[in-house]
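Working notes, structure below.
Protein chains: 2
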Amino acid sequence: MTRYVHNFYAGPGKLPGSVLERIRDELTDYRGTGLSVLEISHRASPVLELLERTEEKLRRLMGLAGDDAVLFLQGGGSLQFVMIPMNLSAPADAVDYADTGYWAAKALDAARSLGRDVHVAGRDHGAIPSALDIRSDTRYLHICTNNTVVGTQWQVMPESPVPLVADMSSDILSRNVDTGRFALMYAHAQKTIGTAGVTVVVVPRKTQEMIQSNLPPFFDYRTHAAAGSNYHTPPVFAVYVVECMLDWLEQEVGGLQVMEALNRKKAALLYETLDASALFHCPVPSDSRSMMNVVFDAVDPERVPVFCQEAREAGLLGLEGHRSRGGFRASLYNAVGLEDVEVLSGFIADFDRRYG
Amino acid sequence: MTRYVHNFYAGPGKLPGSVLERIRDELTDYRGTGLSVLEISHRASPVLELLERTEEKLRRLMGLAGDDAVLFLQGGGSLQFVMIPMNLSAPADAVDYADTGYWAAKALDAARSLGRDVHVAGRDHGAIPSALDIRSDTRYLHICTNNTVVGTQWQVMPESPVPLVADMSSDILSRNVDTGRFALMYAHAQKTIGTAGVTVVVVPRKTQEMIQSNLPPFFDYRTHAAAGSNYHTPPVFAVYVVECMLDWLEQEVGGLQVMEALNRKKAALLYETLDASALFHCPVPSDSRSMMNVVFDAVDPERVPVFCQEAREAGLLGLEGHRSRGGFRASLYNAVGLEDVEVLSGFIADFDRRYG
């Protein structure tokens, strides 16, 4: 399949061509069943085995402990923003949040809407805070490991004396992370590991022991853990796409180390191009720059419309910044190839030569 | 595409072959975008237009009012079981439920877990109650229009002096219904109108006015209505499958009247076969029988293993009853063809001749 466009959408974002071809080829006959994966009961063995395999592959790639619960849920990060405080704290409990961007702020707003005593342990939407003020009696510290809107990322995870909860929606499996340090990790799939409709939640054993009693069962992580993500019908197709992505990451890319090295190379190339540009600049300091979302601005706002038009004509999609920020953003998730970034960097350098 | 199996799964269940072929054919290039529908931003025009078109088609087919909000949410019926009491009642408020089966009971359990004063207005898992005892001060009456596990269906919707809320998960768009009578309707897609991962919720204007204040925004129907089902990333692919199913229903089947007539014919054939059988019987009285889920039992339990084995060999899938009930069940959702039901009826009649 020849693809003429370069997809830099911030999410849902690019999937590898080979993964799309596999999904297409299996669509009307899922592995010899004579059925599509779209029409198989969630209680039938092909779907039960899909859930088991996908969980096992995630465990292997993330280096999870044997007693970590791995859940495939619906509702995106937004449902986790409410489920986390519901599970890990009582209404007036202290909970701490690092406010490092648009989505990190949404998470703490949700905790506030549930009556939690929210403390902002650090706030900076332009860079990752160098230190956090974490309360000793707080139930947990919540961070967003990568901030898609403002283009910052925790390059080194913060030290936390309290349970550390992480929204990894936009960088899960993009780099090697010591997952053993986290009390809870979650990520919706549509950026680095799949398509919209499923959210991966990892709940270690000791965190399960913190869960509040008397929650409605649907909100209680233990309900889904006990049922193997099959308490109610899971989003089967979206889980299937996650499995395809994990297979691609292991078998075609060559594993997480190779993926991280490639992601570093992609980001370095684009940041170098921007730092050398006279017409564009990236406002994020280097120790906070995201490997996944590169934000940049035009020095002269008058150049913006012509850049946008020429980029579209060159097949460069999704370069508009988030509506809350404006400017530009290129998202370099796992499936975005080095060749895509080379085309974008070449385009920016050429634009500089022609208009600079 | 030749399909050698007959899919009677209770859900996720059969999709039409032509719908699967369309999804396959469009998978790597969604309508000339050069992208898959799996990798397009939910803020980009192809997805915004998909949401608008699908909503419009649902409005037309269901005969909805112009100010009814039509939402595409995640979380299945199970999330609606908690969102409905959260939106339409305060913690100690009176709410009434008709307990007509496995899922109807789950819905009322969820309301109880939220501290609502739940009253069972009628309880019968073997037939539809002939009358309900509805409290005058109750916030709403909740019914499940079709009971998948026990094979009963509200053939005539109950009279209700209070707002009527309906779980239509297993019979939405299988028959003509006066949707104007309902204060809220919801259905996850994986039975009659799509695949797992999206739930359609219809919230009329006057019901929006009943919604509690100070709900966390994610749980408030008005949040999703104001954002056109794009408050957070919607389950794009599952919505796309709904659109394909609505197109199939309108263009290939010929609309809802034709669909209902076909569903009546399918169910009548299977019930007639069972009523004529010496080896099997359907325990549901005729005025409560479901057009969607036909449950039946073997008169002699010793016949069960051989029936199951021969059915599997004949490519008849998904005939096992729900694990809470046992026995047999054939689900005849919209996509199940008359030819599938003819094969099943023929198989049962032949089994009768050979073993009866």
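Respectively, the protein sequence lines represent chains F and A. Just so you know, we're using this note's numbering here: the first sequence kicks off at 11 and counts up by one. Just so you know, we're using this note's numbering here: the second sequence kicks off at 11 and counts up by one. All residues carry an ideal CB built from backbone N, CA and C; glycine is no exception.
Closer than 7 Å to chain F by CB, residue i
i	result
Tyr343 of chain A	no
His129 of chain A	no
Gly207 of chain A	yes
Ser180 of chain A	no
Thr243 of chain A	yes
Ser123 of chain A	yes
Phe369 of chain A	The question about residue 369 of chain A has no answer, for chain A in this structure spans 11 to 366.
Thr162 of chain A	no
Glu49 of chain A	yes
Thr12 of chain A	Model confidence at Thr12 of chain A stands at a pLDDT of 42, short of 50, so the residue's coordinates are unreliable; what they give is reported in the following sentence. By this cut-off, Thr12 of chain A is not an interface position.
Tyr40 of chain A	no
Phe357 of chain A	no
Lys24 of chain A	yes
Tyr196 of chain A	no
Leu284 of chain A	no
Val252 of chain A	no
Same chain, Cβ closer than 6 Å to residue i, neighbours up to 5 away in sequence not counted
i	result
Phe192 of chain A	Leu174 and Ala176
Thr202 of chain A	Ile182, Leu183, Ser184, Tyr343 and Asn344
Asn157 of chain A	Thr110 and Gly111
Cβ-based burial, residue i [other Cβ within 10 Å; buried from 16]
i	result
Val369 of chain F	Because chain F in this structure spans residues 11 to 366, residue 369 of chain F falls outside the shown range and cannot be described.
His242 of chain F	buried
Arg339 of chain A	buried
Arg363 of chain F	exposed
Asn224 of chain F	exposed
Leu348 of chain A	exposed
Ser184 of chain F	buried
Pro315 of chain F	exposed
Gln319 of chain A	exposed
Ser300 of chain F	buried
Ser355 of chain F	buried
Gly76 of chain A	exposed
His152 of chain A	buried
Gly86 of chain F	buried
Ala108 of chain F	buried
Ser296 of chain A	exposed
Presumed contact (8 Å Cβ cut-off) between residue i and residue j, rounded CB distance
i	j	result
Val252 of chain F	Val47 of chain F	Contact doesn't hold; Cβ gap of about 12 Å is too wide.
Pro214 of chain F	Asp78 of chain F	5 Å
Val105 of chain A	Arg149 of chain A	5 Å
Val353 of chain F	Leu279 of chain F	Wrong, their Cβ atoms sit about 11 Å apart, outside the cutoff.
Val309 of chain F	Leu329 of chain F	Between Leu329 of chain F and Val309 of chain F the Cβ distance is about 16 Å, and since that is not below 8 Å, they are no contact.
Beta carbon proximity, residue i to chain A, threshold 7 Å
i	result
Val228 of chain F	The residue asked about is misnamed: residue 228 of chain F is Phe in this sequence, not Val. So yes, Phe228 of chain F belongs to the interface.
Gly85 of chain F	yes
Arg34 of chain F	yes
Ala115 of chain F	no
Val316 of chain F	no
Pro139 of chain F	no
Phe82 of chain F	no
Lys201 of chain F	no
Ser88 of chain F	yes
Ser46 of chain F	yes
Leu37 of chain F	yes
Phe247 of chain F	yes
Val346 of chain F	no
Ala102 of chain F	no
Tyr19 of chain F	yes
Which residues DSSP lists as bridging residue i, in chain order
i	result
Gln163 of chain A	A:Asn156
Ser341 of chain F	F:Asn303
Ala104 of chain A	A:Asp127
Tyr196 of chain F	F:Asp177 and F:Val211
Asn17 of chain A	A:Leu327
Leu81 of chain F	F:Val211
Ile291 of chain A	According to the sequence displayed, residue 291 of chain A carries His and not Ile. Answer is A:Asp307, bridged to His291 of chain A.
Arg133 of chain A	A:Asp109
Leu151 of chain F	F:Asp106 and F:Leu174
Same chain, Cβ closer than 8 Å to residue i, five either side skipped, listed in chain order
i	result
Met269 of chain F	Leu183, Ser184, Arg185, Leu259, Val263 and Asn344
Thr12 of chain F	In this prediction, Thr12 of chain F has a pLDDT of 42, which is less than 50 and means its spatial position is unreliable; what the coordinates show is noted afterwards. Nothing meets the Cβ criterion.
Residue-level contact to chain B via CB, residue i, 7 Å cutoff
i	result
Leu60 of chain F	The chain labelled as chain B is not found among the protein chains of the depicted structure, namely F and A.
Residue i: CB within 6 Å of a non-hydrogen atom of the ligand FAD
i	result
Glu282 of chain F	By its list of ligands, the structure shown contains no ligand whatsoever, and the ligand FAD lies outside what it can speak to.
Neighbourhood of residue i by C-beta, 7 Å cutoff - its chain only, sequence neighbours within 5 removed
i	result
Ala102 of chain A	Gly125 and Asp127
His52 of chain F	Asn240, Thr243, Pro244 and Val246
Gly238 of chain F	Leu61
Ser99 of chain F	Val105, Arg126 and Arg149
Gly331 of chain F	Val305, Gly337, Phe338 and Arg339
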